[in-house]
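Participant: Below are the structure tokens for one structure; questions will follow.
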């Protein structure tokens, strides 16, 4: 046995429980009831999940939400006790706090962060309530979270989605992987976007009075204001020949054909101004006055900050104290503004004609048709339609339906975990209904204990021990909290309840079958269940894929329309990159199958039937299902990828043999 194998076996023997072998993504799902391919998909999807506004934790957590939170980079926890000794404020969204650890004689600095961009503009907003409350003289205790993401609750559990009232249905709006939203569910999944637009101004260019009026000149939105009509700023080039007309007060508030518009949407949270000339050459008149004032305030802020911090750094050796790496980094950032030549020499890409204005903005992006949602079991879907409140559906007891997903998408995917979550949440809702029917506090708590006993005995015993210590007043408060917030049933990723455990609960808690009530008062033909399901939002922005183009340059080599990056630069409101139609899009357009019943029948026969899948595989991939076939001998029915492989192998004078192996008798699902 090799040393590596011995080390692996030793580590395996030290494992406390099976979940030690799971990665971070796997700890958020129920691994024992998901198809293996779906497990891989879930881990990829968790990496692409967005931090949404006001998120929730799942009602069926795995118990690792708190453990994973401790490894997050979105937390800034004090390592020692610090006294706040200085505060330098640029604007309400951006300032620097400086703390001093008297015991260890160490300085540390914190930079307030409103929002942090991750990728593709999607971002996470910080919870700065504690940091905003600090003043000079206050003490930050060891272990205190100075800043943390809004995704953490007060118990430091990581929250990353929403629990939506869901029904499974077969209808035209949710064919295949479609998701129908209603009753404001789209607003509950808002995501943050962080953008920054760069405005370069030459000597003969200035900003129009786009945000001002006749009494004051304002070319940019102030800190905290939103952009106007999707336009961040308008740039006009001074032309002596047209000055008498273009520089009139009225014309300075009207966009003309020759003006350059800088597009951008959101709320401005910071503005940086870079000027590559001497301050004395900056004219403090007319349209420039606003920029000059902003630049002077900015430079004064950084000069004061740098002077204070460099004084601490220079005196560290004689003073017998130290400072943190973050302290040094923030000091260097301030120096880049104090000494502009240092900035330009180290950043050749930032060379510009006169002035560069960098506007930082944040916005909220709502769910729209084409956005993607996913559960924790690989049950991904695309928003196919969003109903307004007046067209939304409800259950007979008044419960608003928020999400409708396809029943056909479950049957053939061996994905029991999502049904387990649905059933557990439905069982919890039924328990709460029974709690509301009695005034006996002990009976209320007994109902919750009974449910937990069937689904997680360890949690049930902890619940029982906890409630025994409560006074009557505390029990009343705790029961009200349960009835308001729901029951959290922890399910370990490996050791969790199966369908038989869940089935036991139906003996004492009958399911609440109801009909759907439509806006016109009519009801569904059949009764069904409505329960919570946990959904996350993925990085899918349909608007970014929108392109509008009439005419434009053509690549002479390919004779195809040339691509453009004007949208990324904020020069145009929509992308003008040509959209490529693939072979499948062309086939769909040519077929023009618009009959929902026909599509639903096809899905029922070929997507959920194991027998149909086997027949389709034999007919599609293998025209003649013999034991051994050469790729050149296969009669293809429409799989162009196999045709390409066959042609490629033929040119190389090679063959690809396919061997079919029959399943043992009795192991076919349809047997």
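Numbering (this note's numbering), first residue to last: 112 to 782.
Even for Gly, the Cβ is constructed at its ideal location relative to N, Cα and C.
Pairing CB atoms from the segment 157-164 with CB atoms from the segment 249-268, are three or more of them under 8 Å?
Facilitator: Contact between the segment 157-164 and the segment 249-268 is present, because at least three Cβ pairs lie under 8 Å.
Participant: Taking its Cβ as the centre, do 16 or more other Cβ atoms sit within 10 Å of residue 294, making it buried, or is it exposed?
Facilitator: Label assigned to residue 294: buried.
Participant: Measuring CB atoms only, is the segment 570-586 touching the segment 622-641, in the sense that at least three cross pairs come out at less than 8 Å?
Facilitator: Touching, no, given that fewer than three Cβ pairs across the two stretches are closer than 8 Å.
Participant: How would you write the range of the beta strand (DSSP E) that residue 555 sits in, first residue to last?
Facilitator: Residue 555 -> not in any beta strand (DSSP E); alpha helix (DSSP H) instead, spanning 552-566.
Participant: Classify residue 114: buried if its beta carbon has 16 or more other beta carbons within 10 angstroms, exposed otherwise.
Facilitator: So residue 114 ends up on the exposed side.
Participant: Along the beta strand (DSSP E) that carries residue 391, what are the first and last residues, could you check?
Facilitator: Note, residue 391: premise wrong, no beta strand (DSSP E); not H, not E.
Participant: Taking 8 Å as the cut-off, does the segment 467-485 touch the segment 243-258 (at least 3 CB pairs, one atom from each stretch)?
Facilitator: Short answer: they don't touch.
Participant: Any idea what DSSP makes of residue 773, helix, strand or coil?
Facilitator: If DSSP states are grouped into helix, strand and coil, residue 773 belongs with coil.
Participant: Which two residues bound the contiguous alpha helix (DSSP H) that contains residue 412?
Facilitator: Element bounds for residue 412: 400-425.
Participant: Hey, would you say residue 413 sits closer than 7 Å to residue 448, going by beta carbons?
Facilitator: The answer is yes: Cβ separation under 7 Å.
Participant: Does the Cβ of residue 559 have 16 or more other Cβ atoms within 10 Å, making it buried, or fewer, making it exposed?
Facilitator: Counting Cβ neighbours within 10 Å, residue 559 comes out buried, since at least 16 surround it.
Participant: Is the Cβ-Cβ distance between residue 502 and residue 667 less than 7 Å?
Facilitator: No, the Cβ-Cβ distance between residue 502 and residue 667 is not below 7 Å.
Participant: Would you mind listing the beta strand (DSSP E) stretches within the segment 166-221 that are 3+ residues and don't spill past its ends, in chain order?
Facilitator: Listed in chain order, they are 186-188, 193-202, 205-212.
Participant: What is the DSSP secondary structure of residue 121, counted as helix, strand or coil?
Facilitator: Residue 121 falls in the helix class under three-state DSSP.
Participant: Give every residue of the same chain whose Cβ lies closer than 6 Å to the Cβ of residue 616, excluding the five residues on either side of it in the sequence, and list them in chain order.
Facilitator: Answer for residue 616: 538, 565, listed in chain order.
Participant: Using only the alpha-carbon positions, how far apart do residue 400 and residue 394 sit?
Facilitator: Taking the straight line from one Cα to the other gives about 8 Å.
Participant: Here's the rule: buried if 16 or more other CB atoms are within 10 angstroms of the residue's CB, otherwise exposed. What is residue 643?
Facilitator: Under this definition residue 643 is a buried residue.
Participant: Cβ atoms of residue 151 and residue 488: under 7 Å apart, would you say?
Facilitator: For residue 488 and residue 151, no; Cβs fall outside 7 Å.
Participant: When we look at the beta-carbon of residue 341 and count the other beta-carbons within 10 Å, is it buried (16 or more) or exposed?
Facilitator: By the 10 Å Cβ count, residue 341 comes out exposed.
Participant: Based on the DSSP secondary-structure assignment, which residues constitute the bridge partners of residue 433?
Facilitator: DSSP output for residue 433 lists 217 as bridge partner(s).
Participant: From the DSSP output, read off the bridge partner residues of residue 514.
Facilitator: Note: residue 514 sits in a beta bridge opposite 277, 292.
Participant: Residues bridged to residue 285 by DSSP?
Facilitator: Answer is none; residue 285 lacks a bridge partner.
Participant: My guess is that residue 535 and residue 613 are in contact by the Cβ rule of under 8 Å, so how many angstroms apart are they, rounded?
Facilitator: About 7 Å separates the two Cβ atoms, so the contact holds.
Participant: Indicate the three-state DSSP secondary structure (helix, strand or coil) for residue 742 in the structure shown.
Facilitator: With a pLDDT of only 41 at residue 742, under the threshold of 50, the placement of this residue in the model should not be trusted; the figure read from the coordinates follows. Helix, per DSSP.
Participant: Please identify the residue among 185, 184, 212 whose C-alpha is closest to the C-alpha of residue 192.
Facilitator: Measuring from the Cα of residue 192, the nearest candidate turns out to be 212.
Participant: Take every Cβ of the segment 277-284, pair it with every Cβ of the segment 497-515, and state whether three or more of those distances are shorter than 8 Å.
Facilitator: Output reads yes: the segment 497-515 touches the segment 277-284.
Participant: Look up residue 667 in the DSSP assignment and say whether it is helix, strand or coil.
Facilitator: Residue 667 falls in the coil class under three-state DSSP.
Participant: To the nearest angstrom, report how far apart residue 306 and residue 364 are at their CA atoms.
Facilitator: Cα to Cα, the separation comes out at about 25 Å.
Participant: Does the segment 210-230 come within contact of the segment 434-441, defined as at least 3 CB pairs closer than 8 Å?
Facilitator: They touch, by the three-pair rule.
Participant: So who's on the other strand from residue 672, going by DSSP bridges?
Facilitator: The partner list for residue 672 (beta bridge, DSSP) reads 665.
Participant: Can residue 513 and residue 274 be called in contact, C-beta distance under 7 Å?
Facilitator: Not in contact: residue 513 and residue 274 (Cβ atoms no closer than 7 Å).
Participant: Alpha carbons only, please: which of 348, 331, 417 is nearest the one belonging to residue 402?
Facilitator: The candidate whose alpha carbon is nearest that of residue 402 is 331.
Participant: With distance defined between alpha-carbon atoms, name the residue in 675, 686, 590 nearest to residue 655.
Facilitator: Checked all of 675, 686, 590; the closest Cα to residue 655 is 686.
Participant: Please give me, in chain order, every unbroken run of the alpha helix (DSSP H) with length at least 4 that falls completely inside the segment 562-606.
Facilitator: Listed in chain order, they are 568-579, 583-596.
Participant: Is the segment 176-194 close to the segment 544-560, with three or more CB pairs under 8 Å?
Facilitator: No, they do not touch.
Participant: Could you tell me which uninterrupted alpha helix (DSSP H) segments, each at least 4 residues in length, are contained entirely in the segment 603-631, listed from first to last along the chain?
Facilitator: Correct list: 610-615.
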